[in-house]
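First the structure, in the form of structure tokens, and then the observations on it.
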Amino acid sequence: MNESTAALALAIGVRVRQERQSRRWTLDQLAEAAGVSRRMLVNVEQGAANPSVGTLLRISDALGVGLPALVERPEPAPVKVTRHGDGAVLWTSQSGGRGVLVAGTGPPDVMELWDWTLGPGDHHASEAHTPGTRELLQVQQGTITVEVAGQPVTLEAGDAAAFGGDAAHSYANPGLQPGRFSLAVFEPGVGPGSRTEVAGA
19 MNESTAALAL
29 AIGVRVRQER
39 QSRRWTLDQL
49 AEAAGVSRRM
59 LVNVEQGAAN
69 PSVGTLLRIS
79 DALGVGLPAL
89 VERPEPAPVK
99 VTRHGDGAVL
109 WTSQSGGRGV
119 LVAGTGPPDV
129 MELWDWTLGP
139 GDHHASEAHT
149 PGTRELLQVQ
159 QGTITVEVAG
169 QPVTLEAGDA
179 AAFGGDAAHS
189 YANPGLQPGR
199 FSLAVFEPGV
209 GPGSRTEVAG
219 A
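Using the numbering used here, the first residue of the sequence shown is number 19, and each one after it goes up by one.
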């Protein structure tokens, strides 16, 4: 991990541990609720892992806080500003692709705003998110193929798409030039009382 990735991993680890301990959950309880291994959870909390977006989503959903709460610094200000280059880089590829979470809201209805770049040939698959999740995508540059529930749609610069994020989906760049798109994700009903609590917590 480079320095910025390591710093983000440490910050995520601290937030996950704080959220878990505030619920008086053991590592095993959170691992079971999130559907991840105990070893992975230990590595995340220690900042020793660079977990996938899917793993972070499972952990944040199990904690009921939404993904932005794990990666953004808490700010009491009425306007949270993310300066250019300060977003949380949560996915990278060898061809220069990056998935950057640039802004988000807290529960119960979590909104995430992403800036994605896919290098030529890049492909990012995403598991189905929680029921009711919706995604909006607009291509800024190049060509992006979005596949939702096995149905691919190719989008050019300026094109946009809306789809249910609660089905398996993926983003790919079939072109020879980098592709870039903005992505908004809406996940309703995140937080205490909206999910089944871990037994004995």
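We put the beta carbon where it would ideally sit given N, CA and C, even for glycine. Just so you know, these numbers come straight off a predicted model, no measurement behind them.
Between which two residues does the beta strand (DSSP E) harbouring residue i extend?
i       : result
Val-128 : 128 to 136
Gln-159 : 152 to 159
Ala-178 : 178 to 182
Ala-143 : 141 to 144
Quick check on DSSP: helix, strand or coil for residue i?
i       : result
Glu-205 : strand
Arg-101 : coil
Leu-173 : strand
Arg-116 : strand
Val-60  : helix
Classify residue i as buried or exposed, calling it buried when 16 or more other Cβ atoms lie within 10 Å of its own Cβ.
i       : result
Glu-130 : buried
Arg-56  : exposed
Glu-21  : exposed
Leu-101 : What sits at residue 101 in the sequence shown is Arg, not Leu. So Arg-101 ends up on the exposed side.
Glu-205 : buried
Ser-78  : buried
Which residues bound the alpha helix (DSSP H) around residue i?
i       : result
Pro-86  : 85 to 89
Ser-78  : 71 to 81
Leu-26  : 21 to 40
Ala-231 : Outside the shown range of the chain (19 to 219) lies residue 231, about which nothing can therefore be said.
Excluding sequence positions up to five away, which residues of its chain have a Cβ less than 7 Å from the Cβ of residue i?
i       : result
Asp-184 : Ala-146, His-147, Thr-148, Pro-149, Gly-150, Thr-151
Thr-110 : Arg-116
Rounded to the nearest angstrom, how far is the Cβ of residue i from that of residue j, given a contact under 8 Å?
i       : j       : result
Asp-140 : Asn-191 : 5 Å
Pro-86  : Leu-119 : 7 Å
Thr-73  : Val-54  : 6 Å
Ala-202 : Leu-154 : 4 Å
Can you list, in chain order, the residues of its chain whose CB lies under 6 Å from that of residue i, leaving out five sequence neighbours each side?
i       : result
Arg-178 : The question names Arg, but residue 178 in the sequence shown is Ala. Gln-156, listed in sequence order.
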